[in-house]
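Let me begin by presenting the structure, written as structure tokens, before commenting on it.
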Amino acid sequence: MILVTGGAGFIGSNFVLTSLTQADESILNVDKLTYAGNLNNLQSVSHDARHIFVHADICDNERMLALLMEHKPSAIVHFAAESHVDRSILGPAEFVRTNVNGTFSLLEAARSYWSGLAGADKAVFRFLHVSTDEVYGSLGPNDAPFSETTAYAPNSPYSASKAASDHLVRSYFHTYGLPTLTSNCSNNYGPYHFPEKLIPLVIANALAGKDLPIYGDGQQIRDWLYVGDHCAAIRRVLKDGKPGETYNIGGWNEKANLDVVHTLCDILDELKPADAGHSYRQQITYVTDRPGHDRRYAIDAGKIERELGWRPAETFDTGIRKTVQWYLDNQAWVRDVQSGEYMKWLEKNYSQRDSAANTNQQGAI
Ligand code: NAD
Ligand code: DAU
């Protein structure tokens, strides 16, 4: 059995679903069900005896230790986090609480549990910490992609909290010998992505006839990876990764935000045409830039390919088309998520901000 934290969120729920169907793994799924956690993501496995869901907070060290002692997992895959950069700018406290203190509390529980194991159980145990490429900061246009030896330079409260958690994980390997693995991944996209993030937000807004907000000039670059590929990479790191090591995961898919939004509009024009003469591109609106906005992320995923034989299966073209189709087929899921309190909060905060800069002309930012 594997203990997964944050398994009701975007990547965590994809990991749970694909691990049950593709890897026949049993999973203890621990999630606090914040605004980002959604049990609807797991509906298809709600009667699967190999999946146990526990509503709990990773900051609750005693509860986490009790769960470990009761279920005796062979690994922890740690996804639980506050994950949205914009939210970390508006309210960083929760990011420090969950991402830093929560990871610390979980590491302490894992250390206690692992210390009490013996023989093969102790030898096989792994703590896999799921992290981000944002810990490396921002690249210039001609810089080489981030490698595992790139110096940390986090720029947002989110990335700083993830960097702090990465350092704690590293220290538990070096100090206590806890067999940890860390993966630093680029931007994911795919099913069950919460519509506060660029790709699902643009799809949802396009279909609802709303503005498609582009921060700044839209030339910021992200390196996109289909979520199913990320989940496969995590399973590979868990199985064959060397304790104490970090692995960068990415899709070799650098794209400027504006190009991503154009691609989404074009696929929607084809699959779900709006009124005659209207292209979804007409809804693009330039808004005030994100403070401290990182200009470019790019991942060198050479190490995981050389050492563990992992490469993504999807190209951006195949993955993004699948994703748009998934959102078209799952409008009820989107409506349900959007009916929650968080989306009302988001709308309120963002409509205030955007009304100051709202224009359809680039350059008037
Ligand atoms: P998400 O926001 O969609 O989901 C986070 C999940 O964690 C939710 O289910 C939430 O309820 C749960 N959670 C939050 N606080 C908790 C707590 N205190 N205790 C227990 N559960 C809690 O996030 P995501 O996009 O799926 O990201 C998952 C992980 O992957 C994060 O650690 C993130 O930093 C990392 N990551 C994300 C991306 C990306 O593009 N989304 C890329 C690289 C790395
Ligand atoms: O790089 C990995 C990271 O990718 C993860 O660690 C984070 O958890 C995840 O949220 C993601 O962070 P980003 O900030 O890159 O993702 P987001 O979807 O918020 O934004 C993608 C880009 O699009 C970024 O340059 C900001 C821009 N953007 C975003 C939104 C929500 C817009 O231009 N308009 C928008 O409305």
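Using this note's numbering, the letters of the sequence shown map in sequence onto residues 1 to 365.
Note that beta-carbon positions come from the ideal geometry of N, C-alpha and C, so glycine has one too.
CB-CB length for residue i against residue j, believed under 8 angstroms
i	j	result
Ile234	Val130	7 angstroms
Gln283	Ala206	6 angstroms
Arg296	Gln220	7 angstroms
Ile366	Leu264	Here the chain has residues from 1 to 365 only, and residue 366 is not among them.
Val334	Tyr342	In fact, because the Cβ distance is near 13 angstroms, the residues do not count as touching under 8 angstroms.
Ile58	Val30	7 angstroms
Leu178	Glu245	Rounded, the Cβ-Cβ distance is 13 angstroms, inconsistent with contact.
Gly292	Ser156	6 angstroms
Val261	Leu212	6 angstroms
Leu268	Val337	No, Leu268 and Val337 are not in contact; Cβ-Cβ is about 19 angstroms, not under 8 angstroms.
Residue i, enclosing beta strand (DSSP E) - first and last residue
i	result
His78	Ala75 to His78
Leu17	First-last for Leu17: Phe10 to Gln22, but that is the alpha helix (DSSP H), not the beta strand (DSSP E).
Leu139	Per DSSP, Leu139 belongs to no beta strand (DSSP E) and is neither H nor E.
Val45	Premise fails: Val45 is in no beta strand (DSSP E) and is neither H nor E.
Helix, strand or coil at residue i [DSSP, three-state]
i	result
Leu225	strand
Arg321	helix
Asn29	strand
Ile365	Low confidence applies here, because Ile365 scores a pLDDT of 24, under 50, leaving its location unreliable; read the following figure in that light. It is coil, neither helix nor strand.
Ser279	coil
Tyr215	strand
Phe95	helix
Tyr247	strand
Asn253	coil
His129	strand
Leu3	strand
Tyr192	coil
Ser355	Unreliable placement is indicated for Ser355, whose pLDDT of 48 sits below 50; the coordinate value is still reported in the next sentence. The answer is helix: DSSP assigns Ser355 an H, G or I state.
Leu181	strand
Asn360	Caution applies to Asn360, whose pLDDT of 40 falls short of 50 and renders its modelled position unreliable; the model cannot decide the point.
Thr285	strand
Ile52	strand
Asn187	strand
Lys348	helix
Ile299	strand
Tyr35	coil
Residue range of the alpha helix (DSSP H) that includes residue i
i	result
Leu65	Asn61 to His71
Ser159	Pro157 to Tyr176
Arg335	Gln331 to Gln338
Glu307	Gly302 to Leu308
Val260	Asn257 to Leu271
Gly119	Gly119 to Val124
Pro200	Leu198 to Leu207
Thr103	Thr103 to Ser115
Asp57	Taken as a continuous stretch (DSSP letters only), Asp57 belongs to no alpha helix (DSSP H), as it is neither H nor E.
Asp294	Segment: none, Asp294 is in no alpha helix (DSSP H) and carries neither H nor E.
Ser88	Val85 to Leu90
Pair within 9 angstroms by beta-carbon distance, residue i and residue j
i	j	result
Asn41	Leu68	no
Ser183	Arg222	no
Glu148	Tyr247	yes
Tyr286	Ile214	yes
Trp366	Gly319	Here the chain covers residues 1 to 365 and nothing more, so residue 366 does not appear.
Tyr189	Ala110	no
Ala66	Gly102	no
Ser105	Gly9	no
His78	Thr175	no
Pro145	Gly250	yes
Tyr152	Asp143	no
Pro1	Leu28	With the sequence shown as reference, residue 1 is identified as Met, and Pro is not the correct amino acid for it. For Met1 and Leu28, yes; Cβs fall inside 9 angstroms.
Glu254	Ala208	no
Asn61	Tyr192	no
His230	Ile11	yes
Arg290	Val85	yes
Arg87	Glu196	yes
Tyr35	Gly340	yes
Asn257	Gly228	no
Gly216	Thr98	no
Leu33	His47	no
Gln22	Ala232	yes
Report task. Spell out a yes or no on whether the segment 308–316 and the segment 155–173 are touching, meaning 3 or more CB-CB pairs, one atom from each, closer than 8 angstroms. Result -> no
Query raised in the report: At a cut of 8 angstroms, does the segment 119–126 reach the segment 55–75 through at least three beta carbon pairs?
Result: yes
Requested in this report: Taking 8 angstroms as the threshold, find out whether the segment 46–54 comes into contact with the segment 8–25 through three or more Cβ pairs.
Outcome: yes
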